[in-house]
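Chemist:
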Amino acid sequence: MSRLLLLAFTCLGCVAGNGSNPAVDAGAGSDDASGSGSPDATSSDAHVADPDLGLSTGCGNAVTTGLQSRSVQIDGVERTFLRFIPAGYMPNKPIALVLAFHGSGGTSEAARTTFDLEAAAAGNAIIVYPQALANSEGANRWDAHLKTSADYKLVDDIIQRTEANFCIDRNRIFATGFSLGARFTSNLGCWRGNVFRAIAPVAPGGSDTTLPFTDCVGEVGIWEGLGNLDDQLHTFGATRVRDHYASANGCSATRTPTTPTGCERYEGYRTEVPSVWCTYDLAHKWPPITPSGVMGFFAQFQ
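Per the numbering used here, residue 203 is the first one in the sequence shown, and the count goes up by one each step.
#1: So, does the stretch 402-417 touch the stretch 344-364, judging by three or more C-beta pairs under 8 Å?
#2: Report the rounded CA-to-CA distance for L435 versus A501, giving the unit in angstroms.
#3: Using the beta-carbon count (16 or more within 10 Å), is K295 buried or exposed?
#4: Enumerate, from N- to C-terminal direction, the unbroken alpha helix (DSSP H) stretches of 4 or more residues contained entirely within the stretch 444-501.
#5: Pick helix, strand or coil for Q504, following the three-state DSSP scheme.
#6: Closest to C418 by CA distance: which of R442, G408, G391 is it?
#7: CA-CA distance, T441 and P493?
#8: Given that a residue counts as buried once 16 or more other Cβ atoms are within 10 Å of its Cβ, and exposed if not, what is V279?
#9: Can you give the Cα-Cα distance for G231 and S310, rounded to whole angstroms?
#10: So for Y354, helix, strand or coil by DSSP?
#11: Taking the beta carbon of N451 as the centre, do at least 16 other beta carbons fall within 10 Å, making it buried, or is it exposed?
#12: Assign G427 to buried or exposed, taking buried as 16 or more other Cβ atoms, counted over all protein chains shown, within 10 Å of its Cβ.
#13: If we ignore side chains and look at the alpha-carbon of each, how far apart do N342 and N373 end up?
#14: Go to A334, then tell me how far its beta strand (DSSP E) extends in each direction, as first and last residue.
#15: Should T259 go down as buried or exposed, given a rule of 16 or more other Cβ atoms within 10 Å for buried?
#16: Is the Cβ-Cβ distance between A302 and T267 less than 7 Å?
#17: DSSP state of L348, grouped into three classes?
#18: Cutting at 6 Å between CB atoms, please list the residues of its own chain near T282, excluding the five before and the five after it.
#19: What is the DSSP secondary structure of D371, counted as helix, strand or coil?
#20: In the DSSP assignment, what are the bridge partners of V279?
#21: Is T461 buried or exposed, if buried means 16 or more other CB atoms sit within 10 Å of its CB?
#22: Output the boundary residues of the beta strand (DSSP E) element that contains T301.
#23: What does DSSP give as the partner residues of I361 in its beta bridges?
#24: If we count the other Cβ atoms within 10 Å of its Cβ and call it buried at 16 or more, is E339 buried or exposed?
#25: What do you get for D432, buried or exposed, if any count of 16 or more other CB atoms within 10 angstroms of its CB means buried?
#26: If you measure between the beta carbons of G395 and T387, is that distance less than 7 Å?
#27: Quick one: using the 10 Å Cβ neighbour count with 16 as the cut-off for buried, is Q270 buried or exposed?
#28: Compute the distance between the beta-carbons of R444 and G408, then report whether it is under 7 Å.
What follows is the structure in structure tokens.
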């Protein structure tokens with residue numbers, strides 16, 4: 203069956219498109235062949251470990267570890283992202299892939315610093331930080347609510363490229379993000395639910411229009427968080443995300459407190475799609491408990 207996971211902030215809980223045919227990454231070297239083996243994100247409901255999606259075609263490739271800056275062409279526009287390969291990466295040992303999306307006006311560099319996911323991943327994931335394009339006012343913003351936007355093509359390209367060059371366990375591809383990046387992550391769980399195993403949106407503001415949840419494919423687990431100190435601009439969107447995935451994952455209305463404090467696990471979930479909801483005593487911020495919470499949530503999918 204396919205996967206659907208409700209994201210919950212720093213908690214374990216209610217468990218569990220084709221991009222363009224891009225050119226090789228600018229400055230990537232011989233280890234960065236263009237990806238071509240990823241399934242069409244809109245053509246299949248299959249996603250989860252049943253059937254097993256297997257390993258990527260990049261297993262066995264010799265690669266360089268550490269932080270790498272890359273650029274690709276999407277619809278004739280240069281797009282950039284940072285990619286972190288842990289020092290202990292082994293070419294024939296499958297590893298998880300995590301995509302992390304900055305908020306409105308943010309950057310891939312700032313997301314890497316603020317999210318602090320690499321230490322929490324403890325060498326068990328390749329982490330990619332994509333960069334949004336600047337709008338007419340100069341703010342970097344994801345085009346999150348249009349299924350056909352170039353940002354979704356960028357995601358497809360990054361996944362295809364990473365699978366072509368690294369040994370990725372295709373049953374362990376995840377996404378997280380903050381604010382507008384969380385809204386983008388939430389929509390990825392719908393429109394790319396046959397690719398991502400689980401998502402972790404933090405404070406995903408939005409509306410019925412920007413979080414349409416139509417034409418969803420596959421299923422994902424979800425770990426979601428929201429600050430409870432005057433984050434009213436994001437409350438509606440976060441609640442909409444929470445309720446959509448709780449329903450899609452078959453959860454009951456009952457939530458049971460779990461760790462850390464402020465997190466609740468939905469009951470009645472199917473094993474493949476845990477769902478957790480967390481609130482924390484901050485306004486619109488990425489909380490310090492999030493790195494270990496998100497990566498701990500993702501780590502359950504082995």
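From the three backbone atoms N, C-alpha and C, an ideal C-beta is built for every residue, glycine too.
Predicted model only: the values in this text are computed from it and were never measured.
Modeler: Let me spell this out:
#1: Because the criterion of three Cβ pairs below 8 Å is met, the stretch 402-417 and the stretch 344-364 touch.
#2: Taking the sequence shown and counting its residues from 1, the one referred to as residue 435 is at position 233. Taking the sequence shown and counting its residues from 1, the one referred to as residue 501 is at position 299. If I take the Cα positions, the gap works out to 31 Å.
#3: Here residue 295 refers to the residue found at position 93 of the sequence shown. Exposed, since its Cβ has fewer than 16 Cβ neighbours within 10 Å.
#4: The DSSP assignment places complete alpha helix (DSSP H) segments of no fewer than 4 residues inside the stretch 444-501 at 492-501, in order along the chain.
#5: The sequence position of residue 504 within the sequence shown is 302, counting from 1. Here Q504 sits in coil by DSSP.
#6: The count along the sequence shown starts at 1 and reaches residue 418 at position 216. Relative to C418, the option among R442, G408, G391 whose CA is nearest is G391.
#7: Here residue 441 refers to the residue found at position 239 of the sequence shown. Here residue 493 refers to the residue found at position 291 of the sequence shown. When only Cα atoms are considered, T441 and P493 end up about 22 Å apart.
#8: As a working note, residue 279 is residue 77 in the sequence shown. Exposed is the label assigned to V279, since fewer than 16 other Cβ atoms lie within 10 Å of its Cβ.
#9: The residue you call residue 231 lines up with position 29 of the sequence shown. The residue you call residue 310 lines up with position 108 of the sequence shown. Because G231 sits at a pLDDT of 38, beneath the cut-off of 50, its placement in the model cannot be relied upon, and the following sentence gives the value as read from the coordinates. Between G231 and S310, the C-alpha separation is close to 21 Å.
#10: Locating residue 354 in the sequence shown gives position 152, where the first residue counts as 1. Three-state result, Y354: helix.
#11: Along the sequence shown, one-based indexing puts residue 451 at 249. In summary, N451 is buried, with 16 or more beta-carbon neighbours lying within 10 Å of its beta-carbon over all protein chains present.
#12: Numbered from its first residue, the sequence shown carries residue 427 at position 225. Looking at its Cβ environment, which holds 16 or more other Cβ atoms inside 10 Å, G427 is buried.
#13: By 1-based counting over the sequence shown, the position of residue 342 is 140. By 1-based counting over the sequence shown, the position of residue 373 is 171. Between the alpha carbons of N342 and N373 lies a distance of about 30 Å.
#14: As a working note, residue 334 is residue 132 in the sequence shown. Neither: A334 is in no beta strand (DSSP E) and is coded neither H nor E.
#15: Counting from 1 along the sequence shown, the entry for residue 259 is found at position 57. Per the 10 Å Cβ criterion, buried.
#16: As a working mapping, residue 302 is identified with position 100 in the sequence shown. As a working mapping, residue 267 is identified with position 65 in the sequence shown. Taking a C-beta distance under 7 Å as the contact criterion, A302 and T267 do not qualify as a contact pair.
#17: Residue mapping note: residue 348 aligns to position 146 of the sequence shown, counting from 1. Three-state result, L348: coil.
#18: As a first step, residue 282 must be located in the sequence shown, where it is residue number 80. These residues qualify, in order along the chain: S273, Q333.
#19: Sequence index remark: in the sequence shown, residue 371 carries index 169 (1-based). If DSSP states are grouped into helix, strand and coil, D371 belongs with the strands.
#20: On the sequence shown, position 77 is the one that residue 279 refers to. According to DSSP, residue pairing for V279 in a beta bridge involves I276.
#21: Looking up residue 461 in the sequence shown gives position 259. Flag for T461 reads exposed.
#22: Residue mapping note: residue 301 aligns to position 99 of the sequence shown, counting from 1. Residue 301 is actually Leu in this sequence, not Thr. Counting along the chain, L301 sits inside the beta strand (DSSP E) bounded by residues 297-303.
#23: Translated into positions along the sequence shown, residue 361 becomes position 159. As DSSP reads the structure, I361 sits in no beta bridge.
#24: Position 137 of the sequence shown, counted from the start, is the residue given in the question as residue 339. Looking at its Cβ environment, which holds fewer than 16 other Cβ atoms inside 10 Å, E339 is exposed.
#25: For the purposes of this step, residue 432 is taken as residue 230 along the sequence shown, with counting starting at 1. It counts as exposed.
#26: Residue mapping note: residue 395 aligns to position 193 of the sequence shown, counting from 1. Residue mapping note: residue 387 aligns to position 185 of the sequence shown, counting from 1. By the CB criterion at 7 Å, G395 and T387 fall outside the cutoff.
#27: Along the sequence shown, read from residue 1 onward, the residue named residue 270 stands at position 68. Result: buried.
#28: Reading the sequence shown from its first residue, position 242 is the one you call residue 444. Reading the sequence shown from its first residue, position 206 is the one you call residue 408. For the pair R444 and G408, the CB atoms are not nearer than the 7 Å cut-off.
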